[in-house]
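Visitor: Numbers 768 to 1036, taken from our numbering, label the letters of the sequence shown in order.
Glycine included, each C-beta is placed from N, C-alpha and C at the ideal position.
None of these values were measured; they are calculated from a predicted model.
There's a structure below that I have some questions on.
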Amino acid sequence: MSKQRILVLGAGRMAEAIFAGLLRTQREYIEEIVVANRSDKSRLHELQEQYGVTVTTDWREHVRSADTVLLAMPPQNHRDVLRELAPHLQGQLVVTVAAGIGIGLLEDLLPARTPVAWVMPNTAAGIGESISLYTCGQHVGPEQRDVLQMILAGIGEAAECTEQQVHDLTAITGSAPAFLYAFAEELEAAAQSYGVTPATARKLVAQMIYGSAAMLRAGSDPAELRDGVTTPGGATAAGLRVMEERGFSDMMQDAVRATNARARYMANE
Ligand SMILES: NC(=O)C1=CN([C@@H]2O[C@H](COP(=O)(O)OP(=O)(O)OC[C@H]3O[C@@H](n4cnc5c(N)ncnc54)[C@H](OP(=O)(O)O)[C@@H]3O)[C@@H](O)[C@H]2O)C=CC1
Ligand SMILES: O=C(O)[C@@H]1CCC=N1
């Protein structure tokens, strides 16, 4: 694969997580990363200083020299940007990470035969630990697949899905880190309420999650793992009972549905 010039449209949290991951693990495949936004020049300056990326508020002049264009900006802005991008493209791979967007919109608004892909990563991309869902358009050939695999491998693990699955699983892999962090915040608050310092509370909760995730990742079934913690007639059962009485299962399923519905809605705004 030739060294890649990647033009990133969007300079927010997800853009940074992705190019930080790439620069950490795939530098040998990267010729240049150009990062663009519309207005926040101090953010661009910060990114340039920290990562040595090229920055611009006028991305149009960088499209022709780019091999891949990565859209990491809000779904609501995609239609306008895709229309503006279209006349500048000459067969470059176009990838979006935006929630709710889908392959259809990319193929409809970009020139015929443009290779496109939709990736749903999460912020752990920045430390090479994302689980990214992805799906490819009909014109993605072996060369573009190699580039996509390089990008995906640079930010963690990946699973190829249908377009419908990326829509349905956005909540599970893209957004659920926020659900987990909300859970962590509550546990840290509880620990601190018993007089533990914030630093200790963080350490206790982070290691508990890390160890639990490691057991899950080793292939154990979550119901069995839960059972292993729940001594019959013991303490954990009392806590789980409160969670169920307060509707934990329904709440989680509703949160997933609301997330996916909002993603679809934003993409059509
Ligand atoms: N954060 C996450 O965990 C995840 C996010 N995503 C997706 O990533 C995308 C970005 O999310 P996130 O990083 O959180 O958002 P942020 O708000 O952090 O960043 C959005 C960025 O897009 C820029 N931007 C907006 N419009 C344009 C435009 N027309 N041209 C160029 N740049 C533009 C903004 O800068 P300015 O206003 O200066 O132009 C800003 O830098 C979204 O589509 C989201 O669905 C996907 C998976 C996970
Ligand atoms: O909150 C959002 O819209 C994005 C999509 C997935 C994670 N963050």
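How many Å lie between residue 809 and residue 817 at the Cα?
Guide: In the sequence shown, residue 809 corresponds to position 42, counting from 1. In the sequence shown, residue 817 corresponds to position 50, counting from 1. Answer to the nearest angstrom: the Cα atoms are 12 Å apart.
Visitor: Closer than 5 Å from C-beta to any heavy atom of ligand 2: which residues, in chain order?
Guide: 866, 941, 942
Visitor: Between the C-alpha atoms of residue 958 and residue 999, what's the straight-line distance to the nearest angstrom?
Guide: Numbered from its first residue, the sequence shown carries residue 958 at position 191. Numbered from its first residue, the sequence shown carries residue 999 at position 232. About 25 Å.
Visitor: Comparing alpha-carbon positions, which option in 921, 815, 841, 830 lies nearest residue 792?
Guide: As a first step, residue 792 is located in the sequence shown; it is residue number 25 there, counting from the start. Measuring from the Cα of residue 792, the nearest candidate turns out to be 921.
Visitor: According to the neighbour-count rule (16 or more other Cβ atoms, all chains shown, within 10 Å of its Cβ), is residue 901 buried or exposed?
Guide: Position 134 of the sequence shown, counting from 1, holds the residue named residue 901. By the 16-neighbour rule on beta-carbons within 10 angstroms, residue 901 is buried.
Visitor: Expressed to the nearest angstrom, what Euclidean distance is found between the alpha-carbon atoms of residue 933 and residue 956?
Guide: Numbered from 1 along the sequence shown, position 166 holds the residue referred to as residue 933. Numbered from 1 along the sequence shown, position 189 holds the residue referred to as residue 956. Approximately 34 Å between the Cα atoms of the pair.
Visitor: At a cut of 8 Å, does the stretch 872 to 880 reach the stretch 854 to 864 through at least three beta carbon pairs?
Guide: yes
Visitor: Report yes or no: do three or more beta-carbon pairs, one from the stretch 989 to 1009 and one from the stretch 835 to 850, lie closer than 8 Å?
Guide: no
Visitor: Any beta-carbon of chain B closer than 9 Å to the one on residue 860?
Guide: Any reference to chain B falls outside this structure, which holds one protein chain only.
Visitor: In angstroms with no decimal places, state the Cα-to-Cα distance between residue 899 and residue 937.
Guide: Here residue 899 corresponds to residue number 132 of the sequence shown, with the count starting at 1. Here residue 937 corresponds to residue number 170 of the sequence shown, with the count starting at 1. For residue 899 and residue 937, the distance between alpha carbons rounds to 10 Å.
Visitor: What residue from 924, 891, 884 has the CA that sits closest to residue 911's CA?
Guide: Residue 911 sits at position 144 when you count from the first residue of the sequence shown. Residue 911 has its Cα closest to that of 884, out of 924, 891, 884.
Visitor: Please confirm whether any heavy atom of ligand 1 lies closer than 8 Å to the CB of residue 827.
Guide: If you number the sequence shown from 1, residue 827 lands on position 60. No - ligand 1 has no heavy atom lying nearer than 8 Å to the Cβ of residue 827.
Visitor: Using the C-alpha atoms, what's the distance from residue 974 back to residue 906?
Guide: In the sequence shown, residue 906 corresponds to position 139, counting from 1. In the sequence shown, residue 974 corresponds to position 207, counting from 1. So the alpha carbons of these two residues sit roughly 44 Å apart.
Visitor: Just the Cα atoms here: how many angstroms apart are residue 804 and residue 924?
Guide: For the purposes of this step, residue 804 is identified with residue 37 of the sequence shown, where counting begins at 1. For the purposes of this step, residue 924 is identified with residue 157 of the sequence shown, where counting begins at 1. If I take the Cα positions, the gap works out to 27 Å.
Visitor: Would you call the stretch 794 to 804 and the stretch 826 to 835 touching, i.e. three or more CB-CB distances under 8 Å?
Guide: As far as the Cβ criterion goes, the stretch 794 to 804 touches the stretch 826 to 835, which means the pair count is three or higher.
Visitor: Between which two residues does the alpha helix (DSSP H) harbouring residue 816 extend?
Guide: The sequence position of residue 816 within the sequence shown is 49, counting from 1. 808 to 818 is the extent of the alpha helix (DSSP H) around residue 816.
Visitor: Within 10 angstroms of its Cβ, does residue 859 collect 16 or more other Cβ (buried), or is it exposed?
Guide: For the purposes of this step, residue 859 is taken as the residue at position 92 of the sequence shown. It counts as buried.
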